[in-house]
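Report on one structure; see the data block that follows.
Number of protein chains: 2
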Amino acid sequence: MALEHAILVSLLEQPGSGYELSRRFERSIGHFWTATHQQIYRVLKRMESDGWIDVREVPQQARPDKKEYSVAAPGRAALSRWLHEPIEPESVRHDLAVKIRGAAFDDPAALIREVERHRRTHSDLLAHYLAGERRDFTGPGADGALDAGQELQHVVLRGGIAYERMTIAWLDDVLATLHRIGAPSPT
Amino acid sequence: MALEHAILVSLLEQPGSGYELSRRFERSIGHFWTATHQQIYRVLKRMESDGWIDVREVPQQARPDKKEYSVAAPGRAALSRWLHEPIEPESVRHDLAVKIRGAAFDDPAALIREVERHRRTHSDLLAHYLAGERRDFTGPGADGALDAGQELQHVVLRGGIAYERMTIAWLDDVLATLHRIGAPSPT
DNA sequence: TCTTTCTATGCAACTCGTTGCATAAACAAG
DNA sequence: CTTGTTTATGCAACGAGTTGCATAGAAAGA
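These protein sequences, in sequence, are chains A and B. Count the first sequence with the working numbering and you get residues 17 to 203, in order. Count the second sequence with the working numbering and you get residues 17 to 203, in order.
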């Protein structure tokens, strides 16, 4: 389990409430680590009772009060420990790959729309990443003038960009294949 | 949940026992859908009691008897229904990305070995994929002479190959970045 | 012969993750 | 003034997934 660690990293980058964390997980972090708000609140509770994080009640105007969390020394130590651990192989769940192989026992042509929809989603995400890269990592302070944290955030973002580009190219390959095997025997 | 569907696809491609399925999940299928043998046995039970699959006790010499499962009509219908459903967005869990961003609050150089280890794993997997491709999808019957099922298996395999190549290139980018930010301030 | 390894199946307990629901404060729109 | 939306937090129940353990037949090797 590493949700705790993902939360620690996010809180180190910027302290915030459970609500704010769940928003971040929907946006940037969620692209490589998903979590619902329920999970986040539950884990935050446990982390707080373990002394990994500190809470601060923050009264707000124009909206309900919030609890702002920040990383305490034991949390930082726990993160450091995890960072030095060997690591777990990533577990994958690719529904689409299962569907593609399953299409051999059904109508392959029926998958085309689905694959096209996926392609659009990945295309949008790529555009979103590229916009973020232009916003945060180009201009006057680009290349060399960034600190270590920004460099690392940038390389993770480049990973996301590479992933989306590869996926889009592969989905085009899938579409071409579906058309090819659909064409010879239409009736 | 789609473990049921992954099992259905695997059993349609080739009937087999829970043990054989768990081996397949370790090998080919496991690259895009992981599952332990416990999970597989439990789900097989449920699928059997739901009438999705049939069992056949197969006595063997030189090893314990096994239960060979094959897909029944209701299972095929369930698979078909799932194939025509809109679809779920894939959920990702990229430990390494979390670690990389976390390295900003620790020693980035300490990550280098870890990343190198990952690179080796992905490199091995790529070689394994390429060997499988050479074995199953080249030679006399290559390109045009394959049936739909083989074409679809091939395109999924090409996806795996593309993924590994992209990942290896990205890990090289990560390594270069870690070296770059480690070099300017070593002491 | 005894231990180890491979095939083959499974229970029990636990943790992780999801879904549905509930609450509440503040503002905006009708 | 009621309804809807956004921010903000949380419980309860369930289902998915993991870990540890147990069993058992047969072959291989020490």
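Don't be surprised by glycine CBs; every beta carbon is placed ideally from N, CA and C.
Can you tell me which of the three DSSP states residue i falls into?
{"i": "S86(A)", "result": "strand"}
{"i": "S96(B)", "result": "helix"}
{"i": "T203(B)", "result": "Caution applies to T203(B), whose pLDDT of 46 falls short of 50 and renders its modelled position unreliable; the value that the coordinates give is listed next. Coil, per DSSP."}
{"i": "G165(A)", "result": "helix"}
{"i": "R79(A)", "result": "coil"}
{"i": "R109(A)", "result": "strand"}
{"i": "A18(B)", "result": "coil"}
{"i": "D188(A)", "result": "helix"}
So which residues of chain A does residue i contact, with C-beta pairs closer than 8 angstroms?
{"i": "I255(B)", "result": "Shown here, chain B extends from 17 to 203; a query on residue 255(B) therefore has no answer."}
{"i": "E106(B)", "result": "R109, H110, D111 and L112"}
What residue range does the beta strand (DSSP E) around residue i cover?
{"i": "W74(B)", "result": "Here residue 74(B) is Val; the residue named in the question, Trp, does not match the sequence. First-last of the beta strand (DSSP E) with V74(B): I69 to V74."}
What residues of chain B sit near residue i, judged by a beta carbon separation below 7 angstroms?
{"i": "M63(A)", "result": "Chain B residues near M63(A): none, gap ~15 angstroms exceeds 7 angstroms."}
{"i": "V59(A)", "result": "Per Cβ cutoff of 7 angstroms: no residues; V59(A) is ~14 angstroms from chain B at best."}
{"i": "S96(A)", "result": "D122"}
{"i": "I197(A)", "result": "A164 and E167"}
{"i": "Y286(A)", "result": "The first residue shown for chain A is 17 and the last is 203, placing residue 286(A) beyond what the model contains."}
{"i": "V172(A)", "result": "A113, I116 and R117"}
{"i": "H100(A)", "result": "A126"}
{"i": "D189(A)", "result": "V171 and R174"}
For residue i, is the beta carbon positioned less than 7 angstroms from some heavy atom of the ligand MG?
{"i": "V108(A)", "result": "Annotation note on the ligand MG: not contained in the displayed structure, which lists no ligands."}
For residue i, report the span of its alpha helix (DSSP H) as first-last.
{"i": "G148(A)", "result": "I128 to F153"}
{"i": "S38(B)", "result": "G34 to E42"}
{"i": "I56(B)", "result": "H53 to S65"}
Considering Cα atoms alone, identify which of the options is closest to residue i.
{"i": "V25(B)", "options": "Q54(B), Y145(B), R72(B) and V87(B)", "result": "V87(B)"}
{"i": "H170(A)", "options": "I184(A), W186(A) and R150(A)", "result": "R150(A)"}
{"i": "A94(A)", "options": "R136(A), M63(A), Q54(A) and S139(A)", "result": "M63(A)"}
{"i": "V114(A)", "options": "L112(B), E106(B) and V114(B)", "result": "E106(B)"}
{"i": "A18(B)", "options": "Q76(B), F48(B) and L173(B)", "result": "F48(B)"}
{"i": "T137(A)", "options": "I103(B), A22(B) and T52(B)", "result": "I103(B)"}
{"i": "A126(B)", "options": "P75(B), V190(B), H53(B) and R181(B)", "result": "V190(B)"}
{"i": "L142(A)", "options": "T183(A), R72(A) and L162(A)", "result": "T183(A)"}
{"i": "R43(B)", "options": "D188(B), G148(B) and L162(B)", "result": "G148(B)"}
{"i": "D188(A)", "options": "H53(A), E132(A) and L27(A)", "result": "E132(A)"}
{"i": "I69(A)", "options": "K61(A), P75(A) and Q76(A)", "result": "K61(A)"}
{"i": "H53(B)", "options": "G67(B), L37(B) and L146(B)", "result": "L37(B)"}
{"i": "D163(A)", "options": "G198(B), L146(B), A164(B) and V172(B)", "result": "G198(B)"}
{"i": "V71(A)", "options": "S139(A), D123(A) and Y57(A)", "result": "Y57(A)"}
{"i": "D66(A)", "options": "G91(A), G165(A), Y145(A) and H134(A)", "result": "G91(A)"}
{"i": "I55(B)", "options": "H134(B), E20(B) and P124(B)", "result": "The displayed chain sequence assigns Gln, not Ile, to residue 55(B). Selected option, being the one with the closest Cα: E20(B)."}
{"i": "L173(A)", "options": "I128(A), T154(A) and L146(A)", "result": "L146(A)"}
{"i": "L168(A)", "options": "P124(B), Q77(B), D140(B) and I45(B)", "result": "P124(B)"}
{"i": "F41(B)", "options": "E130(A), R129(A), V108(A) and G165(A)", "result": "V108(A)"}
{"i": "I128(B)", "options": "A89(B), L112(B) and S139(B)", "result": "L112(B)"}
Can you pull the chain B neighbours of residue i, defined as C-beta to C-beta under 9 angstroms?
{"i": "Y145(A)", "result": "What Y145(A) touches in chain B: nothing, since even the nearest Cβ is about 13 angstroms away."}
{"i": "W186(A)", "result": "V171, R174, G175, A178 and Y179"}
Closer than 7 angstroms by beta-carbon distance: list the chain A residues that pair up with residue i, in chain order.
{"i": "H138(B)", "result": "Those do not exist, as H138(B) stays about 10 angstroms from chain A at its closest Cβ, beyond 7 angstroms."}
{"i": "V25(B)", "result": "V114, R117 and G118"}
I want to verify the contact list: residues of chain B whose CB lies under 8 angstroms from the CB of residue i, in sequence order.
{"i": "A22(A)", "result": "V114"}
{"i": "F48(A)", "result": "V108, R109, H110, A113 and V114"}
{"i": "A161(A)", "result": "Correct list: empty, because the minimum Cβ distance to chain B is about 12 angstroms."}
Name the chain A residues whose beta carbon is nearer than 9 angstroms to that of residue i?
{"i": "A18(B)", "result": "R109, D111, V114 and K115"}
May I ask you to verify whether the stretch 79 to 89 of chain B touches the stretch 27 to 42 of chain B, counting CB pairs closer than 8 angstroms and requiring at least 3? yes
Just checking, does the stretch 109 to 129 of chain B make contact with the stretch 190 to 197 of chain B on the three C-beta pairs under 8 angstroms criterion? yes
Okay, do the stretch 93 to 107 of chain A and the stretch 176 to 185 of chain A touch, 3+ Cβ pairs below 8 angstroms being the bar? no
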